[in-house]
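Report on the following structure.
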Amino acid sequence: SEYYLYLENYRKSPALTPDAKKGIDQQLLKYRKNLKDMFASDYSYWILFESSGKLRLNRVARDILNRYVPFSPQLRTELQKHPILKESMDSFEAKKEDSFRESKKIQPLLPSRKRSSGGFRNDSIF
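Laid out in structure tokens, this is it:
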């Protein structure tokens with residue numbers, strides 16, 4: 001849904017350059033405004049090119065895909081060496097650490113559960 005909102009409001013986005021907006025316009029024409037095909041195209045660019053450090057996506061699309069379809073930890077550390085990708089990778093790591101800290105705060109408040117087989121008690125969420 002965030003990708004859909006990005007495509008609906010890209011013209012108003014201050015995070016995109018005029019060239020990036022023109023590229024999205026061309027992509028919309030190429031895929032005849034089919035958002036599923038556009039997402040599939042961006043996803044394939046994310047997997048094929050961005051994973052090897054070759055930039056093909058604009059900043060907003062890269063941030064969305066990095067948030068919801070992150071690379072493996074080893075690949076993320078390798079990609080953090082690229083200055084353009086570093087900001088996106090660092091923000092993902094910070095959000096991941098924040099959610100982990102929040103889960104640790106909530107964990108003592110949750111009731112403990114016992115499994116029916118063997119009475120094993122599982123106190124960990126992650």
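Letter by letter, the sequence shown follows residues 1 to 126 of UniProt numbering.
Just so it is clear, CB atoms sit at the ideal spot from N, CA and C, and this is done for glycine as well.
Treat the numbers as computed from the prediction; the structure is a model and nothing was measured.
Quiz item: Considering only residues of the same chain and omitting the five flanking positions on each side of I64, which have a CB-CB separation below 8 Å?
Solution: Taking the first residue of the sequence shown as 1, we reach residue 64 at position 64. Cβ within range, chain order: E2, Y3, Y6.
Quiz item: Three-state secondary structure (DSSP) at V69?
Solution: Walking along the sequence shown from the start, residue 69 turns up at place 69. Coil.
Exercise. Alpha carbon to alpha carbon, how far is L29 from V69? Give it in angstroms, no decimals.
Key: Locating residue 69 in the sequence shown gives position 69, counting from the first residue. Locating residue 29 in the sequence shown gives position 29, counting from the first residue. Those two C-alpha atoms are separated by around 26 Å.
Quiz item: Starting from Y6 and walking both ways along the alpha helix (DSSP H), at which residues does that stretch end?
Solution: To locate residue 6, count along the sequence shown from 1; it is residue 6. Per DSSP, Y6 belongs to the alpha helix (DSSP H) from 2 to 8.
Quiz prompt | Backbone secondary structure at R32 - three-state DSSP | solution = By 1-based counting over the sequence shown, the position of residue 32 is 32. Coil, per DSSP.
Quiz item: With 16 as the cutoff for other CB atoms within 10 Å, does D42 come out buried or exposed?
Solution: If you number the sequence shown from 1, residue 42 lands on position 42. Buried is the call here.
Exercise. Out of K105, F71, A61, point me to the one whose CA is closest to I47's CA.
Key: Within the sequence shown, residue 47 is the residue found at index 47, counting from 1. Closest by C-alpha distance to I47, out of K105, F71, A61, is F71.
Quiz item: Alpha carbon to alpha carbon, how far is K95 from Q26?
Solution: In the sequence shown, the residue the question calls residue 95 occupies position 95. In the sequence shown, the residue the question calls residue 26 occupies position 26. Approximately 33 Å, taken between the alpha carbons.
Quiz item: Going along the chain, which residues of its own chain have a beta-carbon closer than 6 Å to the beta-carbon of L85, five neighbours each way excluded?
Solution: Your numbering for residue 85 matches position 85 in the sequence shown. Counting only Cβ-Cβ distances below 6 Å, and skipping sequence neighbours, we find L79.
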